[in-house]
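**Q**
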Amino acid sequence: QHQHEKESLNELNQRFHHFIDRVRLLESQNLKYRTELTAIRKQPFNDNDIKSIEHFSNIKSELSKQYNATIDCKSDFEWSQLQIGIYRKWIDIEQQQKGKQLSELEQELKQVVSNLNNLHKSYAELERTAKNQYVERDNLFTQYLTLTHNWCNQKAKRKKYDQSMELLKNNIAFYKNLSAYIARYTESLPTQSNDEVQYWAGEYDKSIKKIHHDFEVFYANIYRDLTSYYEIKMEEVRKEVEQTKHDQRLETEEFVISQQALEKEYEKVQYSLTHEKEILHKLESVYSKLEAELKSLEIQHEDKLELQSKEIHHYQESIMTIAFDINEMQSSKINLETEIIIYRYILNAFENEEQVTIVPHKSTVANETIGKFIAKGRKKHSIGIKECAANGKYISLLNYSTSDDIDISKWILKQRTDSASEIQYIIPDGVVLKQGIELRIYSKLGSANADRSSNENNFSRLVNNNVTSWGVGNTIEIHLFNQYGEKQASYLESIEARATNI
1273 QHQHEKESLN ELNQRFHHFI DRVRLLESQN LKYRTELTAI RKQPFNDNDI
1323 KSIEHFSNIK SELSKQYNAT IDCKSDFEWS QLQIGIYRKW IDIEQQQKGK
1373 QLSELEQELK QVVSNLNNLH KSYAELERTA KNQYVERDNL FTQYLTLTHN
1423 WCNQKAKRKK YDQSMELLKN NIAFYKNLSA YIARYTESLP TQSNDEVQYW
1473 AGEYDKSIKK IHHDFEVFYA NIYRDLTSYY EIKMEEVRKE VEQTKHDQRL
1523 ETEEFVISQQ ALEKEYEKVQ YSLTHEKEIL HKLESVYSKL EAELKSLEIQ
1573 HEDKLELQSK EIHHYQESIM TIAFDINEMQ SSKINLETEI IIYRYILNAF
1623 ENEEQVTIVP HKSTVANETI GKFIAKGRKK HSIGIKECAA NGKYISLLNY
1673 STSDDIDISK WILKQRTDSA SEIQYIIPDG VVLKQGIELR IYSKLGSANA
1723 DRSSNENNFS RLVNNNVTSW GVGNTIEIHL FNQYGEKQAS YLESIEARAT
1773 NI
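Position in the sequence shown counted from 1, then plus 1272, gives you my numbering.
1) With DSSP run on the structure shown, which of helix, strand or coil describes Q1687?
2) So T1674 is in the beta strand (DSSP E); what residue range does that whole segment cover?
3) Spell out a yes or no on whether the segment 1403 to 1422 and the segment 1474 to 1483 are touching, meaning 3 or more CB-CB pairs, one atom from each, closer than 8 Å.
4) Please check the pair I1365 and E1583, which I expect to be a contact at CB under 8 Å, by giving their CB distance rounded to whole angstroms.
5) Closest to S1603 by C-alpha separation, out of S1544, N1663, E1659 and R1650, would be which residue?
6) Might you give, ordered along the chain, the residues of its own chain that have their beta carbon closer than 6 Å to the beta carbon of K1634, omitting 5 neighbours on each side?
7) Can you name, in chain order, every residue of its own chain whose Cβ lies under 6 Å from the Cβ of K1648, other than the five neighbours on each side?
8) Since S1557 and V1384 should fall inside the 8 Å C-beta cutoff, what is the C-beta to C-beta distance between them, to a whole number of angstroms?
9) In three-state DSSP terms, what is E1758?
10) Note down, in chain order, each residue of its chain lying with its Cβ closer than 8 Å to the Cβ of A1720, except the 5 sequence neighbours on either side.
11) Identify the continuous beta strand (DSSP E) that holds T1747 and give its terminal residues.
12) With 16 as the cutoff for other CB atoms within 10 Å, does W1683 come out buried or exposed?
13) Using DSSP with H/G/I as helix, E/B as strand and the rest coil, what is H1289?
14) Using only the alpha-carbon positions, how far apart do L1711 and T1689 sit?
15) Return the first residue and the last residue of the beta strand (DSSP E) that K1658 is part of.
16) Is the Cβ-Cβ distance between G1718 and A1661 less than 9 Å?
17) Excluding the 5 residues preceding and the 5 following L1374 in the sequence, name in chain order all residues of the same chain whose CB lies nearer than 7 Å to its CB.
18) Pick out whichever of E1600, S1766, S1654 and H1586 has its Cα sitting closest to the Cα of K1346.
19) For H1751, count neighbouring C-beta atoms within 10 Å of its own C-beta (all shown protein chains included) and say buried if the count is 16 or more, exposed if not.
20) Label P1632 either buried or exposed according to how many other C-beta atoms from any shown protein chain fall within 10 Å of its C-beta, with 16 as the threshold for buried.
21) Using the three-state DSSP reduction, which class does S1300 fall into: helix, strand or coil?
22) Looking at the structure shown, is V1704 part of a helix, part of a strand, or coil, going by DSSP?
23) What do you reckon, are the CB atoms on F1731 and S1673 nearer than 9 Å?
24) Thinking just about the alpha-carbon of each residue, which of H1290, R1296 and K1370 is nearest to the one in L1562?
25) Take I1680 and list the residues in its own chain whose beta-carbon comes closer than 6 Å to its own, dropping the five residues that flank it on each side.
26) For V1628, is the classification buried or exposed, using 16 other Cβ atoms within 10 angstroms of its Cβ as the cut-off for buried?
27) In whole angstroms, what is the alpha-carbon distance linking I1678 and T1747?
28) Under the three-state reduction of DSSP, which class applies to V1739: helix, strand or coil?
29) Less than 9 Å between the beta carbons of I1713 and L1685, yes or no?
30) When you compare each of I1444, Y1559, L1670 and E1589 to Q1368 by their alpha carbons, which one comes out closest?
31) Distance, Cα to Cα, V1509 vs W1472?
32) Taking 7 Å as the limit between beta carbons, can you name the residues of its chain near E1279, skipping five residues before and five after?
33) Whole angstroms are fine: how far does the CA of F1596 sit from the CA of E1334?
34) Is DSSP giving I1709 helix, strand or coil here?
35) State the Cα-Cα distance for the pair E1397 and Q1515, rounded to the nearest angstrom.
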């Protein structure tokens, strides 16, 4: 691409040098033609004027060709400028696309970093979940230890209850012995009868048996309830411990699988990130290299382009000067045609008076084109267009009023020449055209020539610095509009050509 751009710039430089050579050739030919025209003007009128007229016609055709060639050169130059602008826009678009690609890579890198941070966060969450599960396992184990401790305490209480039962049995045995002693003692008493003794001994035995049975039932119920309660609790604890072990094993397996998947994904992301970093470094190096080459090319061609732009501006001024001189030559040519016609009539009158007959060896016929100048003006109110210089020097406005001064600020002057593009000029603020006063609006080149003249100080002046010369041609059409867009005046200037034989 850079090689293509270099070749294009070299091609443009070659075309520009050809354009410069062409302009120099045109200048030399113009100087030659002006010298010949000056020599023709200085020569007296004689029999060889017909050849001079033919030569002048040839010069005129050559001037037309040279003028067309200058137009072609100007169009080639504009085309070269357009190509330079296209290449510059192309380079700017390439730089914008590279910047866009870099921004997209940066966005993708940020997205990858964000995904990596999310993976780190999810990994940290899994780690916290595992820690919470470990804490829950420790709590369950603590509860199991507490339950076993309570079971041991209940077992100790049961032993205490057994000891109390033994003590109660001993008390029962003591009471039995006591009752036996009492029975023996009562038997030894003479006052008591055998029936009463037997009755009270039986009642006593019944009460003792009931008390003993009640204690046995009570402690059996206590033992049975405690045993069933602790068996149920131990079974629940065993099931919870087994379920906890199973859940912990499953969670450990899931954690290992997820950790392996995260490690694989992390490796993939790390690999892609490394690859993208390498691509980004390569792109940055290529971009820096291209930028350095662009800067070097700009530095290399900056002086050349600046010099070329100066030369182009100089040649543009020279071309406009040549065009202005060509217009002057055309006006001089019209004057010369008029002089030739006058001299021809004088010569015919002189020949008729002297009765001299000239018989040429061969009849020579020269076709001469004589231009008829036509100027038409029209105005709506007091301001009209007085004149348009044929050489594009100025356009003249005139206030035909004899009593009023008219403010023509922001008025618009439009000129169209043949099929050329329209020239538009807006009159600046504060311009007042006094009664009976002429206002000349000069072109940039016409203003420079007017400054060198000393007899053009009896009118007002404005300068249109946007154009080097007003348009010239066979047909010139001018329109004047006020600040509201209403047409105030128009002017038409044309040259009608007709062929005459000399």
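Glycine included, each C-beta is placed from N, C-alpha and C at the ideal position.
**A** Put simply:
1) For the purposes of this step, residue 1687 is taken as the residue at position 415 of the sequence shown. In the structure shown, Q1687 falls within a strand segment according to DSSP collapsed to helix, strand and coil.
2) Along the sequence shown, read from residue 1 onward, the residue named residue 1674 stands at position 402. Careful: T1674 lies outside any beta strand (DSSP E) and carries neither H nor E.
3) Short answer: they don't touch.
4) Taking the sequence shown and counting its residues from 1, one reaches residue 1365 at position 93. Taking the sequence shown and counting its residues from 1, one reaches residue 1583 at position 311. Not quite, the Cβ-Cβ distance comes to about 29 Å (not below 8 Å), so this is no contact.
5) Counting from 1 along the sequence shown, the entry for residue 1603 is found at position 331. Closest by alpha carbon: N1663.
6) Position 362 of the sequence shown holds residue 1634. Confidence at K1634 is low in this model, with a pLDDT of 33, below 50, so its placement is unreliable and the value that follows should be read with caution. Within the same chain, K1634 has no close Cβ partners at all.
7) One-based indexing of the sequence shown puts residue 1648 at position 376. Only L1764 meet the Cβ criterion.
8) Within the sequence shown, numbered from 1, the residue matching residue 1557 stands at position 285. Within the sequence shown, numbered from 1, the residue matching residue 1384 stands at position 112. Not confirmed; about 21 Å, so no contact.
9) Here residue 1758 refers to the residue found at position 486 of the sequence shown. The answer is coil: DSSP assigns E1758 none of H, G, I, E or B.
10) In the sequence shown, counting from the first residue as 1, residue 1720 sits at position 448. Within the same chain, no residue comes within 8 Å of A1720 by CB-CB distance, once the 5 residues on both sides are set aside.
11) Reading the sequence shown from its first residue, position 475 is the one you call residue 1747. Residues T1747 to F1753.
12) Here residue 1683 corresponds to residue number 411 of the sequence shown, with the count starting at 1. Buried: at least 16 other Cβ atoms inside 10 Å.
13) On the sequence shown, position 17 is the one that residue 1289 refers to. H1289 falls in the helix class under three-state DSSP.
14) Counting from 1 along the sequence shown, the entry for residue 1711 is found at position 439. Counting from 1 along the sequence shown, the entry for residue 1689 is found at position 417. The straight-line gap from Cα to Cα measures roughly 21 Å.
15) On the sequence shown, position 386 is the one that residue 1658 refers to. First-last of the beta strand (DSSP E) with K1658: I1655 to C1660.
16) Indexing the sequence shown from 1 puts residue 1718 at position 446. Indexing the sequence shown from 1 puts residue 1661 at position 389. In contact: G1718 and A1661 (Cβ atoms closer than 9 Å).
17) Locating residue 1374 in the sequence shown gives position 102, counting from the first residue. Around L1374: L1555.
18) Residue mapping note: residue 1346 aligns to position 74 of the sequence shown, counting from 1. Minimum Cα-Cα distance from K1346 among the listed residues E1600, S1766, S1654 and H1586 corresponds to H1586.
19) One-based indexing of the sequence shown puts residue 1751 at position 479. With a threshold of 16 other beta carbon atoms within 10 Å, H1751 meets it and is buried.
20) Translated into the one-based positions of the sequence shown, residue 1632 becomes position 360. Any answer about P1632 is weak, because its pLDDT of 34 lies below 50 and its placement is not dependable; what the coordinates show is given next. P1632 should be labelled exposed.
21) If you number the sequence shown from 1, residue 1300 lands on position 28. Note: S1300 maps to helix in three-state DSSP.
22) The residue given as residue 1704 occupies position 432 in the sequence shown. Reduced to three states, the DSSP call for V1704 is strand.
23) Locating residue 1731 in the sequence shown gives position 459, counting from the first residue. Locating residue 1673 in the sequence shown gives position 401, counting from the first residue. Going by beta carbons, F1731 and S1673 fall outside the 9 Å limit.
24) One-based indexing of the sequence shown puts residue 1562 at position 290. Checking every option, the nearest Cα to that of L1562 belongs to K1370.
25) Residue 1680 sits at position 408 when you count from the first residue of the sequence shown. Result list for I1680: I1699, V1703 and L1705, in chain order.
26) If you number the sequence shown from 1, residue 1628 lands on position 356. Per-residue confidence for V1628 stands at a pLDDT of 34, beneath the threshold of 50, marking its modelled position as unreliable; no derived number is given.
27) As a working mapping, residue 1678 is identified with position 406 in the sequence shown. As a working mapping, residue 1747 is identified with position 475 in the sequence shown. Roughly 29 Å separates the two Cα atoms.
28) For this step, residue 1739 is matched to residue 467 along the sequence shown. Of the three classes helix, strand and coil, the one that applies to V1739 here is coil, per DSSP.
29) Translated into the one-based positions of the sequence shown, residue 1713 becomes position 441. Translated into the one-based positions of the sequence shown, residue 1685 becomes position 413. Yes; because the gap between Cβ atoms is below 9 Å, this pair is in contact.
30) For the purposes of this step, residue 1368 is identified with residue 96 of the sequence shown, where counting begins at 1. With distances taken between Cα atoms, Q1368 lies closest to Y1559.
31) As a working note, residue 1509 is residue 237 in the sequence shown. As a working note, residue 1472 is residue 200 in the sequence shown. V1509 and W1472 have their C-alpha atoms spaced approximately 55 Å apart.
32) As a first step, residue 1279 is located in the sequence shown; it is residue number 7 there, counting from the start. Hits under 7 Å: none found.
33) Stepping through the sequence shown from its first residue, residue 1334 is reached at position 62. Stepping through the sequence shown from its first residue, residue 1596 is reached at position 324. Rounded to whole angstroms, E1334 to F1596 spans 16 Å at the Cα level.
34) For the purposes of this step, residue 1709 is taken as the residue at position 437 of the sequence shown. In this structure, I1709 counts as coil in the three-state DSSP scheme.
35) As a working mapping, residue 1397 is identified with position 125 in the sequence shown. As a working mapping, residue 1515 is identified with position 243 in the sequence shown. In a straight line, the C-alpha of E1397 is about 24 Å away from that of Q1515.
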